[in-house]
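Working notes for the structure below.
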Amino acid sequence: MQDSTSGQKRETVWEDRGSGGLALLRIYNRLGEATIYLHGAHIASFKARGEAELFFVSPRSVFAPGVPIRGGIPICFPWFGKHPEDPDLPLHGIVRTMEWQLIEQKSEADGSTTVTLGVEDSDETRALWHHRFRLTLAVNVGSALTIRLTVTNTDERPFSFDAALHTYYSVGAEVGSSVEGLDGLSAIDRNRGDEPFIQRGAATVNGAIHRLYRKAGGTVRLNDPAMGRSITMEQSRWSNILIWNPGEEAALQNREILDAWQDFLCVEHVNNGEGGITLDPGQSHTSELSLSVQR
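So for the sequence shown, the numbering used here puts the first residue at 2; every next one is plus one.
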């Protein structure tokens, strides 16, 4: 635990227990605050000072060992979605239900706080994916939230992988929100049998949506008129963006979502498919995402 020396709480990082008794970190400073579960290195909350919550976490989510948390920022690795060859393997890979370790915490000169978490392969992971690896997640909490995911190949042979930040943003109303910054990009609509199309203008949302945008390397913005805010997403070394919400019909079949489908929109930063990564032994790859709110 780290705290200020003045007697007034200005900056602190402490360990706590959250829903289901799962271990978590609470980070607080004069610029913002965040909550990160060690279970999956799962960022569950972020609020810049004076702002509303950035993320949606389902009130019906299960919080238990071995079960992924529904909401916040799940980390997907080493595959995204269903495994391409074995659909019985865990959805979105293996690290979102692993227990990560706190490696470092640091006070930055600008008043923000950085915590770094890590996880490595084990006998259990190698039974599912036959490679040795190390992942670190560095999270900087300030007036913005910056996330750096680093994958290192600690094996003796090359490996290829997918990775994603499967982010659930809290919105005042899913219908009527939109995502800017995708104009002119090639995309596929997974709700229309992977029909290809070119995005024209902003991507507007009106219920069920499942679209993958390729080579989406620029800055995008989620506009949320119901909450009167925009969320800007600046990224580095993420190849694709996926926008997803199940819509009412599918959500009512999912006991962790039900009528809460109206309260979130997933805008996911993804390295997959042609944007997947190959690392030689000893190599690392770092992707970064910075999130900020504008009114």
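Beta carbons: idealized from backbone N, C-alpha and C, even for Gly.
Tell me whether the beta-carbon of residue i lies closer than 8 Å to the beta-carbon of residue j.
{"i": "A45", "j": "T36", "result": "yes"}
{"i": "A203", "j": "E181", "result": "yes"}
{"i": "E54", "j": "S171", "result": "yes"}
{"i": "N30", "j": "D163", "result": "no"}
{"i": "G185", "j": "I199", "result": "yes"}
Excluding sequence positions up to five away, which residues of its chain have a Cβ less than 6 Å from the Cβ of residue i?
{"i": "I189", "result": "D195, P197, L213"}
{"i": "S288", "result": "L150, R238, W239"}
{"i": "R97", "result": "G41, P69, P75, I76"}
{"i": "A65", "result": "G21"}
What number of angstroms, rounded off, separates the C-alpha of residue i from the C-alpha of residue j?
{"i": "L292", "j": "A139", "result": "14 Å"}
{"i": "Q102", "j": "R256", "result": "30 Å"}
{"i": "G82", "j": "E235", "result": "23 Å"}
{"i": "E16", "j": "A217", "result": "36 Å"}
{"i": "Q284", "j": "T153", "result": "6 Å"}
{"i": "G248", "j": "W262", "result": "6 Å"}
{"i": "T233", "j": "Q295", "result": "8 Å"}
{"i": "V268", "j": "N192", "result": "16 Å"}
Label residue i either buried or exposed according to how many other C-beta atoms from any shown protein chain fall within 10 Å of its C-beta, with 16 as the threshold for buried.
{"i": "N207", "result": "exposed"}
{"i": "S59", "result": "buried"}
{"i": "I95", "result": "buried"}
{"i": "T6", "result": "Since pLDDT at T6 reaches only 34, below the 50 mark, its modelled position is unreliable, and no value is offered."}
{"i": "Q117", "result": "With the sequence shown as reference, residue 117 is identified as Thr, and Gln is not the correct amino acid for it. Burial call: buried."}
{"i": "Q9", "result": "Because the pLDDT at Q9 is just 43, under 50, the model does not fix this residue reliably, and the value given afterwards should be weighed accordingly. Answer is exposed; the Cβ neighbour count stays below 16."}
{"i": "S62", "result": "buried"}
{"i": "R18", "result": "exposed"}
Can residue i be considered in contact with the ligand MN, in the sense that its beta carbon sits closer than 7 Å to one or more heavy atoms?
{"i": "G143", "result": "Among the components of this structure there are no ligands whatsoever, and the ligand MN is therefore not found."}
So, for residue i: in the same chain, excluding its five sequence neighbours on each side, which residues have a beta-carbon less than 7 Å away from its beta-carbon?
{"i": "P88", "result": "none"}
{"i": "H270", "result": "A165, L166, Q236, W239, I242, L290"}
Closer than 8 Å is the cut-off here; do at least three beta carbon pairs connect the region 166-185 with the region 210-230? Result yes; three or more Cβ-Cβ pairs closer than 8 Å.
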